[in-house]
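Data block below; observations after.
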Amino acid sequence: MTLNAPSWEKVIAILKEYQRFALGCHLHPDGDGIGSVLALGLSLQKLGKQVDMILPEGIPVTFGFLPEINQTVTYPTLQPEVVISLDCAERDRLQLPDELFRTDPLLVNIDHHISNDGFGQVNLVLPAAAATGQIVYQLLKKASLPMDSPIATALYTAIATDTGFFRYANTTGEVLSAAAQLVADYQISPSLIAERVYEERSFASLRLLAEVLATLQVADNTRYAWMYLNQEMARKYEVELEEIENYVNYTSSIRGIEVGLFFKETNPGEVKISWRSKASVDVSRLASHFGGGGHARAAGCSINGSLTTVMAEVLAYLQNYFEANKEEKADLLA
């Protein structure tokens, strides 16, 4: 499906015309998904709208510091006229209960993933944006919707987490300008947000990290690295899934590595794979081979099968890929 031009005017009209909204994001939400849901939901509430900000898995410990985060719910409390999907590339990954759609509400899709196929009835999809939070920030500004410190904190968190706190290649002047404006206008604390998101870990998560790092391996061609987490390790430490999301960054931090992978056995017979790239390899296209997607430098996919089988399949694919691109160090997937 080819995306049409972003529907700024349509989305703004919907936000102002309708009264009952349900907002949600993708499975296992990250800072961008949660921050975007919270920011847009709080702004709509300040307009006098009825809003469900739905996080079915509850509030992740990492983001419990966000102001007004306790206004989110795990289950719908109203029948919406409009459902807004935020930071979700695929309809199947939208973490909202089916009963929300029984009365055929309008579905609005706001996202920045290049793999998003425009599954909404109205779509505001900008792959050039660094974060969905950046799109929501622009939306609130364009529509002159309410902003305050809690909303600004949610937006800053969304933008900061999806840019690796402004370390990733998607950090543009526009992104930095938006973040600076949020700090200047609403006196939020970048240092506090960074501390809560990246510098606070449970003791158990660090013990688990030690075991996961012990599985780290580098391919013979030294172009990719991987590590894994199995069910036995996960049960031993009972660490929340959100606390291990950034483990994958250790694989791509190795000097000379082009692609890093982290295999997580989330359930028996189900493996989630996080992909990272700091070179010119588009890992979203690699992940798409297995039904996943994401961004050029960060992507993911889930595969059914045993951890051993899935790892063998993915690593064989990656080995063949690099064999076919032995001499190329530029954009390998162009």
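For the sequence shown, counting from 1, position 311 maps to 350 in my numbering; every step adds exactly one.
For glycine and all other residues, C-beta sits at the position ideal for the given N, C-alpha and C.
What you are looking at is a predicted structure, and each value in this text was computed from that prediction instead of being measured.
Q: Go ahead and label glutamate 234 buried or exposed: buried means 16 or more other beta carbons lie within 10 angstroms of its beta carbon, across all protein chains shown.
A: exposed
**Q.** methionine 40, DSSP secondary structure in three states
**A.** Summary for methionine 40: the model assigns pLDDT 41, below 50, so the residue's position carries little reliability; its value from the coordinates is reported in the next sentence. Residue state, collapsed to three classes: coil.
Q.
Between which two residues does the alpha helix (DSSP H) holding valine 236 run?
A. 229–237
Q | Separation of glutamate 239 from threonine 101, as counted between CA atoms | A | 8 Å
Q.
Below 8 Å on the Cβ atoms is my contact criterion, and I expect proline 189 with leucine 81 to pass it. Report the Cβ-Cβ distance as a whole number of Å.
A. 6 Å
Q: Give a yes or no on contact between the segment 154–172 and the segment 199–210, applying the rule of three or more CB pairs nearer than 8 Å.
A: yes
Q. Touching or not, the segment 63–71 and the segment 88–107, by the rule of three or more beta carbon pairs under 8 Å?
A. yes
Q: Rank Ile296, Ala326, Arg274 by C-alpha distance to the C-alpha of alanine 318 and give the top, closest one.
A: Ile296
Q) What span of residues does the alpha helix (DSSP H) with tyrosine 176 cover, start to end? A) 171–182
Q: Check the C-beta distance from glycine 344 over to lysine 311 and give it rounded, since I have them as a contact under 8 Å.
A: Contact flag wrong, Cβ pair sits at about 12 Å.
Q. Any idea what DSSP makes of arginine 59, helix, strand or coil?
A. strand
Q. What's the gap between the Cα of valine 353 and the Cα of glutamate 284?
A. 19 Å
Q. What does alanine 338 pair with, by DSSP beta-bridge criteria?
A. Trp314, Gly333
Q) Could you give the residue range of the beta strand (DSSP E) that holds methionine 92? A) 89–92
Q. Going by DSSP, which residues form a beta bridge with tryptophan 391?
A. Because the chain is modelled from 40 through 373, residue 391 falls outside the range shown and cannot be assessed.
Q: Leaving aside the five residues before and after tyrosine 225 along the sequence, list all residues of the same chain whose C-beta is less than 6 Å from its C-beta, in chain order.
A: Ser188, Ala191
Q.
Would threonine 116 and aspartate 91 qualify as a contact pair, given that the criterion is a beta-carbon distance under 8 Å?
A. yes
Q. When DSSP labels each residue in this structure, what does serine 124 get in the three-state scheme?
A. strand
Q) Terminal residues of the continuous beta strand (DSSP E) containing asparagine 285? A) No beta strand (DSSP E) contains asparagine 285, which DSSP labels as neither H nor E.
Q | Supposed close pair aspartate 71, glycine 172 - CB separation, criterion 8 Å | A | 5 Å
Q. Among Met350, Arg336, Thr305, Ser316, which residue has its Cα nearest to the Cα of phenylalanine 329?
A. Met350
Q) Under a three-way DSSP split, which group does asparagine 109 fall into? A) helix
Q: Tell me whether glutamate 48 sits in a helix, a strand or coil according to DSSP, three-state version.
A: helix
Q.
In the DSSP output, which residue or residues are listed as bridge partners for isoleucine 53?
A. None, per the DSSP bridge assignment.
Q) Relative to the alpha-carbon of alanine 253, which residue among Tyr286, Val222, Thr261, Tyr237 has its alpha-carbon at the smallest distance? A) Tyr286
Q | Under 8 Å between C-beta atoms of threonine 196 and glycine 333 | A | no
Q | Which listed residue (Lys181, Ser183, Ile232, Ala223) has its alpha carbon closest to that of threonine 198 | A | It is isoleucine, not threonine, that sits at residue 198 in the sequence shown. Of the listed residues, the one whose Cα sits closest to isoleucine 198 is Ile232.
Q | Range covered by the alpha helix (DSSP H) that runs through isoleucine 149 | A | Premise fails: isoleucine 149 lies in the beta strand (DSSP E), 145–150, not in any alpha helix (DSSP H).
Q.
Against chain C, does asparagine 109 count as a neighbour if the rule is that its beta carbon must be under 8 Å from one of theirs?
A. Included in the structure is just one protein chain, with no chain C present.
Q: Can you grab the Cα-Cα spacing for the pair leucine 374 / phenylalanine 302, in whole Å?
A: The shown model of the chain, from 40 to 373, leaves out residue 374, and the question about it has no answer.
Q: Within 10 angstroms of the Cβ of tyrosine 356, are there 16 or more other Cβ atoms? Answer buried if so, exposed if not.
A: exposed
Q.
Please classify glycine 308 as buried or exposed, where buried requires at least 16 neighbouring CB atoms within 10 angstroms.
A. exposed
Q | asparagine 364 in three-state terms, based on DSSP | A | coil
Q) So the beta strand (DSSP E) valine 164 belongs to, where does it begin and stop? A) 161–164
(Q) Taking only three categories from DSSP, how would you classify leucine 133? (A) strand
**Q.** Within 8 Å, strictly: CB atoms of valine 175 and proline 144
**A.** no
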